[in-house]
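Asker: Positions in the sequence shown are counted from 1; adding 40 to them yields this note's numbering. No residue lacks a Cβ here, since even glycine has one placed at the ideal position from N, Cα and C.
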Amino acid sequence: MANLYVKAEPPADLNRNTEWFTYPGVWTTYILILFFAWLLVLSIFGCSPGMAWTVVNLFHFLVAGFV
Numbered sequence: 041m042a043n044l045y046v047k048a049e050p051p052a053d054l055n056r057n058t059e060w061f062t063y064p065g066v067w068t069t070y071i072l073i074l075f076f077a078w079l080l081v082l083s084i085f086g087c088s089p090g091m092a093w094t095v096v097n098l099f100h101f102l103v104a105g106f107v
């Protein structure tokens, strides 16, 4: 059977700070943190789900700006 895939070398990692993006479970953990933050805001403030997402997104925006 013919080889149907191209064999290419991965690009050199020029920024070592982004190495953690490829760790297993990182994106699942990230989504779970956002989800539980939403539940926390929803339960503490007793607001609507849409307002809770807005608060979580604004907080995420502020934190991501410093990271």
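Hey, TRP78 and TRP67 are a contact pair by Cβ (cut 8 Å); roughly how many whole angstroms apart?
Answerer: With 8 Å as the limit, TRP78 and TRP67 do not qualify as a contact, their Cβ atoms being about 17 Å apart.
Asker: When the Cα of ILE73 is compared with those of GLY90, SER88, VAL96, which residue comes out closest?
Answerer: VAL96
Asker: With 16 as the cutoff for other CB atoms within 10 Å, does VAL103 come out buried or exposed?
Answerer: Exposed, by the Cβ-count rule.
Asker: Where does the unbroken alpha helix (DSSP H) through TRP78 begin, and where does it stop?
Answerer: 66-85
Asker: Considering Cα atoms alone, identify which of HIS100, GLY105, PHE106 is closest to ILE71.
Answerer: HIS100
Asker: DSSP three-state label for LEU44, please.
Answerer: coil
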